[in-house]
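Data first, discussion second: the structure below is written as structure tokens.
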Amino acid sequence: MSTTSLPTPTGQPTESRAAGRSGRAGDRLFSGATTISGIIVIGIVTLIGVFLIAQAIPALLRNNANFLTSREWSPGGDHPRFGILEFLWTTVTSSLIAMALAVPVGVGVALFITQYAPRWLRRPAANLVDLLAAVPSIVYGLWGLLTFRAVIRPFEQFLQQKFGWFPLFAPTPISGGTIFFIGIVLAIMILPIVTALSREVFDQTPAAHKEGALALGATHWEMIRTSVLPFGKPGVISASMLALGRALGETIAVTFLVSALAGGTPWTWSLFNGGETFASKIANNAAEFSNPNKTGAYIAAGLVLFVLTFVVNSIARVVIERRKAFSE
Amino acid sequence: MAKRIDVSDLNVYYGDFKAVEGVSMTVEPRSVTAFIGPSGCGKSTFLRTLNRMHEVTPGGRVEGKVMLDDQDLYAPSMDPVHVRRTVGMVFQRPNPFPTMSIFDNVAAGLRLNGVKSRSTLEGIVEKSLRGANLWNEVKDRLNKPGAGLSGGQQQRLCIARAIAVQPQVLLMDEPCSALDPISTLAIEELIIRLKSEYTIVIVTHNMQQAARVSDRTAFFNIKATGEPGRLIELDDTAKIFNNPSMKATEDYISGRFG
Amino acid sequence: MTMTAHDETRPGGTGSGARLGTTGGTGTSTTPTDPGRRDLIESMDRPHRGRAIKDHVARIVMWGSFVLAVVPLVWILWTVASNGFHMITTSLWWTGNQRNINTTDAGGGARHAIEGTLIQAGATAAIAVPIAILTAIYLVEYGRGRLARVISFMVDILSGVPSIVAALFIYAVWVTTFGIDRNGFAVSLSLVLLMIPTVTRSTEEMLKLVPNELREASYALGVPKWVTIVRVVLPTAFSGIVTGVLLGLARVMGETAPLLILGPYTKNFQRDLFNGNMPTLPTMINEDRSDFALSTAAERMWGAALTLIILVLLLNLAGRFIARRSAVAK
Chain A
1 MSTTSLPTPT GQPTESRAAG RSGRAGDRLF SGATTISGII VIGIVTLIGV FLIAQAIPAL
61 LRNNANFLTS REWSPGGDHP RFGILEFLWT TVTSSLIAMA LAVPVGVGVA LFITQYAPRW
121 LRRPAANLVD LLAAVPSIVY GLWGLLTFRA VIRPFEQFLQ QKFGWFPLFA PTPISGGTIF
181 FIGIVLAIMI LPIVTALSRE VFDQTPAAHK EGALALGATH WEMIRTSVLP FGKPGVISAS
241 MLALGRALGE TIAVTFLVSA LAGGTPWTWS LFNGGETFAS KIANNAAEFS NPNKTGAYIA
301 AGLVLFVLTF VVNSIARVVI ERRKAFSE
Chain B
1 MAKRIDVSDL NVYYGDFKAV EGVSMTVEPR SVTAFIGPSG CGKSTFLRTL NRMHEVTPGG
61 RVEGKVMLDD QDLYAPSMDP VHVRRTVGMV FQRPNPFPTM SIFDNVAAGL RLNGVKSRST
121 LEGIVEKSLR GANLWNEVKD RLNKPGAGLS GGQQQRLCIA RAIAVQPQVL LMDEPCSALD
181 PISTLAIEEL IIRLKSEYTI VIVTHNMQQA ARVSDRTAFF NIKATGEPGR LIELDDTAKI
241 FNNPSMKATE DYISGRFG
Chain C
1 MTMTAHDETR PGGTGSGARL GTTGGTGTST TPTDPGRRDL IESMDRPHRG RAIKDHVARI
61 VMWGSFVLAV VPLVWILWTV ASNGFHMITT SLWWTGNQRN INTTDAGGGA RHAIEGTLIQ
121 AGATAAIAVP IAILTAIYLV EYGRGRLARV ISFMVDILSG VPSIVAALFI YAVWVTTFGI
181 DRNGFAVSLS LVLLMIPTVT RSTEEMLKLV PNELREASYA LGVPKWVTIV RVVLPTAFSG
241 IVTGVLLGLA RVMGETAPLL ILGPYTKNFQ RDLFNGNMPT LPTMINEDRS DFALSTAAER
301 MWGAALTLII LVLLLNLAGR FIARRSAVAK
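Protein chains in written order, with UniProt numbering: chain A, 1 to 328; chain B, 1 to 258; chain C, 1 to 330.
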């Protein structure tokens with residue numbers, strides 16, 4: 001064996017010096033390219049902010065109504081009057097309904113997949129729920145409009161008849177897409193987001209925590225309540241926030257479903273009222289964008305939506321970051 | 001052509017933390033020098049400064065001088081990439097490239113540095129695999145993934161990969177700590193054989209290993225956590241293990257440490 | 001692991017829950033203990049029937065949640081498939097367009113819309129993927145300090161931008177500021193904004209999974225950093241990156257909001273991104289939706305919806321398939 005010749009070390013091969021130089025130039029070029037890409041991203045976000053603000057301001061200055069508290073929307077003409085109160089109410093309320101439904105179910109599904117399902121079922125179950133996220137939102141719109149609506153309608157009527165005394169369930173003449181119904185459809189759409197993220201954190205629960213609980217004689221459910229849920233709580237909160245952000249901005253499904261209110265419709269707290277969300281109002285009126293003043297009003301509304309989702313997403317990030325700080 | 005390493009008064013920092021202080025030593029060509037010492041004494045950190053791998057860690061920098069024969073490794077004009085090609089390294093855990101075959105793993109260093117000729121590559125790959133005592137085991141499956149080999153074979157593959165770029169010096173950072181005893185023996189035999197051509201520096205936790213493979217042994221120590229590591233003494237291996245000059249070395253060797 | 005653990009502890013009379021109760025019982029009756037401790041032991045003993053019931057209820061609730069989640073999925077897929085199946089099995093569907101076909105006429109083709117959707121998705125990917133991958137490389141391999149934090153933050157903001165806002169922004173730039181007509185490329189630009197953050201994040205995750213040891217091995221061979229990234233790190237993460245791109249693309253293909261604002265529909269073939277209206281599957285659905293009371297339009301609408309779902313699902317499946325062959329195990 002010891003007779004086999006080894007690759008003998010040589011002096012520096014001349015090519016290696018050349019390669020070294022080209023390596024350095026290559027490094028500069030490549031790291032430059034990646035830096036520029038990152039800066040492009042900064043540029044895009046800055047531009048979005050700048051353009052939206054720049055085009056919203058002139059329209060806001062011409063506005064004769066209070067932008068935040070008015071329910072009017074007539075952005076055209078010499079004396080435009082427009083406000084976002086109705087959109088804000090519809091958007092936030094429907095998204096909160098979606099959260100209230102999707103978070104418990106989503107967490108349940110995540111617990112099912114990580115803690116209850118037989119091993120062979122876990123992966124297929126997870127994939128099935130992920131499929132819900134793959135269905136394009138326009139399809140949710142169609143399905144909600146043409147199939148699901150008829151199923152939920154009797155339930156709404158029942159609630160209005162029996163609990164109509166409660167302001168949120170007050171009867172309304174709306175038979176199409178109510179805030180309540182939009183909330184249910186949004187709940188289905190954001191369910192996979194809640195599930196996917198919660199699943200991830202539940203899976204990371206240290207085995208020692210779980211075994212510790214089981215060793216004390218805890219039942220399976222008690223083990224989940226005392227070790228898995230507390231461990232996953234920050235993850236579930238941030239998942240809910242990301243899902244809320246998604247629900248607030250969801251456009252096309254909501255656009256298909258909303259029942260726009262005629263101007264001057266009296267205010268009601270009822271969840272069975274109609275009304276446009278920010279996104280549906282903008283999408284439904286794309287045809288009006290020919291007029292810059294009107295466009296400005298819609299852009300101002302879009303800006304509010306942007307800020308809203310931004311705040312919600314930021315909360316999600318902060319919660320995630322804090323959790324990271326703890327687990328490291 | 002194996003080269004001598006001359007280190008004078010070297011300090012190693014990570015950010016503001018001084019990890020190693022005041023090391024001066026000479027590593028003889030065509031010999032095996034072992035670094036021993038307790039965990040955290042800076043021996044691996046110091047080893048990484050010999051091919052500037054410490055610079056990969058953010059904030060890693062040195063003060064002092066490292067000469068490879070007459071070349072200053074830290075001269076401003078010196079490219080760390082070039083240094084690493086001249087001073088090869090084998091790591092604690094075998095780390096073959098998972099996307100590459102056995103052949104491609106050995107050829108990686110040359111190929112990634114722009115050597116394209118298939119016949120040149122084939123020659124060097126065979127030579128390197130023979131050099132690493134692996135040729136007979138893998139010659140029939142050169143196109144299989146390197147990750148499919150056993151741990152010991154993977155480590156020899158990594159040695160073959162390191163010597164394929166024909167370095168002057170070979171640094172080994174605890175190359176056997178992740179291996180079973182039989183694979184360890186194979187690597188140790190290989191190290192003894194390789195020293196006829198290379199300057200070898202090996203960091204090891206295993207004192208018997210240092211005694212078995214090395215000609216000279218350097219003992220590093222650390223006073224307390226947070227203090228920099230220092231070179232206590234460097235001498236012939238026989239002397240270090242039988243009759244060390246420093247009390248700390250003797251305590252460590254005889255197991256009376258800590 | 002957890003399965004066996006839970007089987008052992010499942011209470012129900014004979015499990016460890018019952019055994020715990022017995023021990024607690026003997027403890028209280030035979031040994032005199034201080035009152036606090038006795039309370040504790042009794043409280044462990046007494047409700048153990050209730051605990052078992054709770055455990056069963058929880059199990060049923062979790063199974064129920066899962067069923068509840070699957071119902072809409074099956075229902076939606078069934079609705080679309082059963083209503084659209086007839087349409088997409090005609091050969092004209094895959095070859096023709098809607099030219100000279102009125103809402104009251106049955107049938108016609110969807111090839112124009114399929115082509116439009118694919119072309120726009122392709123253009124979107126061509127712009128978004130390089131930016132996203134390079135940004136991810138910057139964040140993982142180069143970025144330190146302030147600039148990296150700012151970029152990472154901006155990617156987060158971008159991922160929260162609703163599609164309608166992205167569309168408004170492109171409208172504000174493209175139409176209002178530069179006065180260019182709405183066209184397919186404007187749609188692609190707005191989709192780029194939506195695709196960059198998803199691909200950046202997934203690529204980042206994949207690059208982080210590549211063990212540092214491989215980078216060090218490459219550096220130790222005297223390979224420059226950029227060659228290490230291009231030839232060692234990227235190939236190792238390759239399948240994961242491709243998966244991220246495919247999933248991002250699937251998401252973008254189903255987006256409709258930007259199309260309503262920037263991409264007016266046409267019934268004709270239109271393969272030019274830069275001139276004139278460009279048909280897509282979502283806008284085709286939207287077109288026929290306004291007349292869904294007519295069975296001819298409704299059938300077309302469901303056909304287009306089914307076609308869109310199939311395209312998106314194919315991309316998803318391809319992505320998952322590639323993910324399983326990944327070099328770095330997750």
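Glycine included, every Cβ here is placed at the ideal spot set by N, Cα and C.
Close Cβ partners of residue i (< 8 Å) along its chain, the five nearest in sequence each way excluded
| i | result |
| --- | --- |
| residue 334(B) | For residue 334(B) there is no data in the structure shown, the boundaries of chain B being 1 and 258. |
| phenylalanine 274(C) | Asn183, Gly184 and Phe185 |
| threonine 103(C) | Asp288, Asp291, Leu294, Thr296 and Ala297 |
| residue 362(A) | The question about residue 362(A) has no answer here: the residues shown for chain A are numbered 1 through 328. |
Distance between residue j and residue i (C-alpha atoms, nearest Å)
| i | j | result |
| --- | --- | --- |
| histidine 82(B) | glycine 49(A) | 46 Å |
| arginine 4(B) | lysine 239(B) | 21 Å |
| glycine 37(B) | valine 230(C) | 38 Å |
| proline 75(A) | asparagine 285(A) | 11 Å |
| alanine 167(C) | arginine 251(C) | 15 Å |
| serine 37(A) | isoleucine 200(B) | 43 Å |
| isoleucine 261(C) | glycine 302(A) | 13 Å |
| asparagine 316(C) | arginine 59(C) | 31 Å |
| aspartate 27(A) | glutamate 255(C) | 38 Å |
| serine 190(C) | isoleucine 170(C) | 6 Å |
| isoleucine 164(B) | alanine 217(C) | Reading the sequence as shown, one finds alanine at residue 164(B) and not isoleucine. Spanning the two alpha carbons is a distance of roughly 13 Å. |
| serine 137(A) | methionine 189(A) | 8 Å |
| leucine 313(C) | aspartate 105(C) | 29 Å |
| valine 161(C) | leucine 194(C) | 8 Å |
Under 8 Å between C-beta atoms of residue i and residue j
| i | j | result |
| --- | --- | --- |
| phenylalanine 82(A) | serine 70(A) | yes |
| leucine 221(C) | glycine 109(B) | yes |
| aspartate 215(B) | valine 32(B) | yes |
| glycine 141(A) | alanine 25(A) | no |
| leucine 158(C) | isoleucine 84(A) | no |
| glycine 88(B) | alanine 162(B) | yes |
| proline 226(B) | phenylalanine 220(B) | Note on identity: in this sequence residue 226(B) is glycine, with proline being the wrong assignment. Cβ distance not < 8 Å, so glycine 226(B) and phenylalanine 220(B) don't count as in contact. |
| leucine 248(A) | leucine 305(A) | yes |
Where residue i falls: helix, strand or coil (DSSP)
| i | result |
| --- | --- |
| glutamate 216(C) | helix |
| alanine 102(A) | helix |
| glutamine 71(B) | strand |
| lysine 247(B) | helix |
| isoleucine 202(B) | strand |
| alanine 218(B) | strand |
| tryptophan 269(A) | coil |
| phenylalanine 178(C) | coil |
| threonine 28(C) | With a pLDDT of only 41 at threonine 28(C), under 50, the local geometry of the prediction cannot be trusted, and the value read off the model is given with reservation. Three-state result, threonine 28(C): helix. |
| glutamate 28(B) | coil |
| leucine 171(B) | strand |
| threonine 2(C) | Per-residue confidence for threonine 2(C) stands at a pLDDT of 39, beneath the threshold of 50, marking its modelled position as unreliable; no derived number is given. |
Sheet register partners of residue i (DSSP bridge)
| i | result |
| --- | --- |
| asparagine 11(B) | Glu63(B) |
| leucine 231(B) | Phe220(B) |
Close-in-space but distant-in-sequence residues of the same chain around residue i (CB under 6 Å, 5 per side omitted)
| i | result |
| --- | --- |
| proline 171(A) | Gln160 and Gly164 |
| isoleucine 202(B) | Ala34 and Met172 |
| tyrosine 14(B) | Gly59 and Gly60 |
| arginine 99(C) | Lys267 and Asn268 |
| tryptophan 78(C) | none |
| alanine 125(A) | Ile113 and Ala117 |
Cutoff 7 Å; reference residue i; Cβ partners in own chain excluding five residues on either side
| i | result |
| --- | --- |
| glycine 296(A) | Gln55, Ala56, Pro58 and Ala59 |
| threonine 200(C) | Ala132, Thr135, Ala136 and Val155 |
| asparagine 11(B) | Lys18, Val20, Glu21, Gly22, Val62, Glu63 and Gly64 |
| serine 8(B) | Ser24, Gly64 and Lys65 |
CB contact check: residue i to chain F, cutoff 8 Å
| i | result |
| --- | --- |
| glycine 109(B) | The structure shown has no chain F; the protein chains it does contain are A, B and C. |
heavy atom of the ligand MG below 7 Å from residue i C-beta
| i | result |
| --- | --- |
| alanine 237(C) | Judged by which ligands are present, the structure shown has none, so any question about the ligand MG falls away. |
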